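Numbers -20 to -1, 1 to 870, taken from mature numbering (1 follows the signal peptide of the UniProt record, and there is no 0), label the letters of the sequence shown in order. Take a look at the structure below.
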Amino acid sequence: MGFFTCLAFAGLLSSLPVHSLRAPADTFVFPGSNSKPWVSNPAEEFLTGGYLVEYHDNTKQFSALSSALEGVGLASQHRFDYNHKFFRGSSFVVDEPEDQERTMAKIMSTKQVKNVWPIRLIKRDPGQIHSKLPAGIHKSPKLAKRRSEDKWSTHVMTGVDRLHAQGLTGKGIFVAILDTGVDYNHPDLGGGFGPGYKVAKGYDFVGDNARFGQDLQPDDDPYESCGLHGTWVSGIVAANSGPFNAVGVAPEATLGMYRIFDCLLWTSEDVVISAYLKAYDDGADVISLSFGSYSGVPTDPLGRVVSNIVDSGVICVAVSGEVGGPPFQANSPATAHNTLSVGTVENTVKPIFRFLGEYSVDGGDSETFEYEPTDIPFKESRELWTWNYTMDYDDPYSLLTCPDFPPGVPGVSEKVVLVPFCLGTMLDAVGLGAKYLMLHDNGDILPSVAVADTDDDEEILLGFGIVTREQGDAWQASFLKGANATLSFTNPDDPDFRYREVPNNLGGSMDIWSSWGPSLEMDLAPMLAAPGANVLATLPKKDGLYGVLSRAGGAAPYAAGVAALMKQHDKRINPKELVRALTTTANPMKFNDGRSKDDTFAPPIQQGGGLINAYSAIRSTTKVSPAHIKLGGRNKAAVVTIRNNGRKFQTYSISHEASHSVYTVFSDLFERTTLPEIAPSTARVLVFPPKIILPPRTSLGILLHFSSPSKLAKERAPIYSGHVFVKEKHGAEFSIPYSGTPSNLEEIEPFNKRLTYLASTDDISKGVEDGRIFKFPKENVTDIEDFNLPVMMVGLDFHAREIQAELIPESPIEGFDGRLGGSEPFGPLPPGLWFPIPVFGNLASGELLPEGKFQLSVRALKYGGEQDENSAWQQISTTTFGVEFVGGGD
């Protein structure tokens, strides 16, 4: 049986006003806590012993390299060959790898290898499931047409509904999706796989029921045997109209699914590259990817492959990311040149499914109530019990001080217990015997609560659901007056339910979790934004056919669907022109701070050109270029070209509106939030001429001169940005986003000195005193928590191209190599991280640390720096600490 995880309560975390510092691999660390820091080390985000190589032109197969590797003492296992015009190389795993630096040096010593990289692992966020139907719903006659309107909210937002009305549906266009697989048996996705079906092509690069760490078992069937994300994004692109009329952007497009994730949602860079090349070889017109990994620059292997595919004429769409700010968070391959990189926009409505139950008081007439089900459904009628608790839900900090659950409640294991949506209270209730929990939420839009399997055979919970604040308040008030209420629940396999669409006050603005750009080369990413938060689309049959997700990269498949419509309209359009058209016709959106919108446009480094406007991109007769103006250094002028492709004279007015300037480096990293800090001043722009009249089929250049803000702290890597608007006198409005920085990014130091220090695993919130003695076990132990060990806490203000850590003895030790085991050189890493580098007592050589006194030294390679330049590194050394060993017969 399952139990709720801590915290899959995403609604609880996201409601807090101060967000935790983001650690790698979506691991969160709360500053000031005394908990043991079992958070991910960035060095663990590489496949152990895995390497990706690029060959010199005369090498084509791994067999030639394998012999050469044996000659330098490296036995290896082959993974992939890339004998392709876009990339020629291989990936493999070294059987008994030495430390990464030495292994890479041996690989590079072979005559076949031109470049080598460690294979980066990629973990995809499963997203946040807001609402979904139960697994057995596909058998139910209750799944009849629930919605008759032709206007689907996301399509109204983007003009796609108008293109559908004119007959553009993506027919004849092949869209390839790289994801978790697809339930192609879904009635809205064609009901089958292969030629003649909607899902006509595809491949599984990992194998059915694959688990991380197992050997790849590829096959030619991309069925989604586990997970649900690939089916969801497939529906966003091309679903037929089902009972909720959630029609895809390009419902007549042909799909290809290339499964790259295992059942734990892990993949690796070499798998993704293989999938891109396979999709290209299969004839894809558009390739969609709704995740990525951080690199900061477009020259990583994946970025290079995608750039080459784009240069060949195939449109590649990638989401910028789902981590919010500060700037420079955009993922690869969204930063690849001429890729259509996409940010995430909130839907204007929140689609919701609610099960229907009945409650009666003191045996009276029954009344209907709505509740949010979970994977632990209620199956029979039960008495309701609660108590006199209070929660100030309007104060987010109240979620940190939960009401106590009273002990000794008679028959608590047989009753449905109404508890506040507060983790401590829920855990107390379960610990005191509650088996059926109904959560009393803090609003009308219920969050979705995830459950996780446990290894215990005991059924921890037998029923679990959520009701709104209003319903919970009414039940609590009635109970406290002495009333006895009985709750009855719908059959979870064939439920009575309601579908509703609730207005979203943040609809049509950026989702605060959408990653901010630009790239470190100051190229814009995202280029534009598309609906991707609170989106209803298809799910596998095993997961209920339909569901609503956020933070799941839904903006990329939406934009891919729009690209298919544009490709259907004009088969000759190339990726660069498509990106320009979509970016300059997008609708800039107001800034969203997570609670409300303000009167200033969101910065282009968050939203690109704005919300995608498919209709204007296809039907406009005005062409505005370039897609983006990149400023910085001495680059203070630009020319905007306006072309009138219409049949009549057209009058244009040109204006400018600045967005918020923002800082990359927080004034206090300890207080980092999802959004960056706003800087005090913005750019000024001189436009000449501000108004023009163009005859048909003519163009004119408009001169722009930019004055960068004068009151910005350059050491904090500020970004200023805004939009240049071009408006037809009686028609459409266009815009060109601009962005720049007054800083030399190569001079920004990566480390936050206050948050980079030596701590102990029993308290990571502060540094240890000089001379602290740490005692290590002589032998391997199964429970490392029995020991307090040294750990280097590292805070990053800015991008680090590479990080290295080593021990420095107080007195010289002959032949001593201080590189730590488990802490290979790693990177690149984005700004705003706080993470540990633990010392477990062994060196990279496999030997135990010698006893004695040491310092830990950590150094970071700055952006643009070369490894052999001392000035390109920032280095910090800790206080001195002692190492002693205990146990093993002592």
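Yeah, the Cβ is synthetic: ideal placement off N, Cα and C, and Gly gets one too. Remember, it's a predicted structure, so these values are computed and weren't measured experimentally.
6 Å CB neighbourhood of GLY69 in its chain, flanking five on each side removed: VAL33, GLU34, TYR35, TYR62
GLN855 burial status per 10 Å Cβ neighbour count (16 or more: buried): exposed
For HIS36, the first and last residue of its enclosing alpha helix (DSSP H): Note, HIS36: premise wrong, no alpha helix (DSSP H); not H, not E.
3-residue-minimum beta strand (DSSP E) runs that sit fully inside the stretch 637 to 690, ordered along the chain: 664 to 668, 671 to 674, 678 to 687
Closest by C-alpha distance to TYR526, when choosing among PHE767, LEU735, HIS166, THR28: HIS166
Nearest neighbour of LEU269, chosen from ALA226, GLY323, SER221, ASP261 [CA to CA]: GLY323
Rounded separation between GLU350 and PHE335 - CA only: 6 Å
Endpoints, the beta strand (DSSP E) within which PRO770 is located: 770 to 775
Residue from GLN92, GLY161, VAL93, GLY29 with nearest C-alpha to LEU101: GLY29
Limits of the unbroken alpha helix (DSSP H) element including GLY452: 449 to 460
Cβ-based neighbour list, SER857, same chain, cut-off 6 Å, excluding 5 preceding and 5 following: GLN835, SER837
Neighbourhood of ASP437 by C-beta, 6 Å cutoff - its chain only, sequence neighbours within 5 removed: Any reading at ASP437 must be qualified, since the residue scores a pLDDT of 46, below 50, and its modelled position is unreliable; the value itself is stated next. Closer than 6 Å at the Cβ level, and outside the excluded window around ASP437, lies no residue.
Alpha carbon of LEU516 to alpha carbon of SER221, nearest angstrom: 12 Å
Buried versus exposed, by CB contacts within 10 Å (16 or more), VAL93: buried
Three-pair Cβ contact test at 8 Å for the stretch 305 to 315 versus the stretch 331 to 347: No: fewer than three Cβ pairs fall under 8 Å.
Beta-carbon gap between ILE109 and LEU529 smaller than 8 Å: Between ILE109 and LEU529, the C-beta gap is smaller than 8 Å, which places the two residues in contact.
Nearest neighbour of ASN318, chosen from THR631, VAL325, ILE289, ASN311 [CA to CA]: ILE289
Local Cβ density within 10 Å of THR470, reported as buried at 16 or more and exposed below that: buried
Every unbroken beta strand (DSSP E) within the stretch 313 to 346, with a cutoff of 3 residues, ordered by chain: Runs of the beta strand (DSSP E) inside the stretch 313 to 346: 320 to 326, 329 to 341.
Validate contact between the stretch 840 to 853 and the stretch 782 to 793 using beta carbons, cut 8 Å, 3 pairs: yes
Which residues DSSP lists as bridging PRO816, in chain order: MET773
Reference MET371; option with closest CA among ARG362, ASP384, LEU364, SER361: ASP384
Alpha-carbon to alpha-carbon, SER641 and ASN850: Their backbone Cα atoms lie some 33 Å apart in a straight line.
Close-in-space but distant-in-sequence residues of the same chain around PRO656 (CB under 8 Å, 5 per side omitted): Counting only Cβ-Cβ distances below 8 Å, and skipping sequence neighbours, we find GLY305, PRO306, PRO307, TRP496, VAL642, TYR643, THR644, PHE646.
Meets three-Cβ-pair contact criterion under 8 Å: the stretch 177 to 187 and the stretch 147 to 164: yes
MET569, buried or exposed, once every other Cβ within 10 Å from all chains shown has been counted against 16: buried
Cβ pair count under 8 Å reaching 3, the stretch 227 to 246 against the stretch 806 to 816: no
Touch test, the stretch 610 to 626 against the stretch 550 to 561, Cβ-Cβ under 8 Å, three pairs minimum: no
Per DSSP, the bridge partner or partners of ASN624: ASN624 is bridged by DSSP to THR602, THR678.
CB of TYR256 within 8 Å of CB of PHE185, strictly: Cβ distance not < 8 Å, so TYR256 and PHE185 don't count as in contact.
Supposed contact pair GLY215 and GLY228 - C-beta distance, whole angstroms, cut 8 Å: 6 Å
Cβ contact check for the stretch 141 to 150 and the stretch 186 to 204: 3 or more pairs under 8 Å: no
Alpha-carbon spacing of VAL771 relative to LYS330, whole angstroms: 44 Å
Proximity below 8 Å, CB of SER688 to CB of ALA663: yes
For PHE67, the three-state DSSP class (helix, strand or coil): strand
Neighbourhood of LYS709 by C-beta distance below 8 Å, restricted to the same chain and skipping five residues each side: Within the same chain, LYS709 has close Cβ partners GLN630, THR631, TYR632, SER633.
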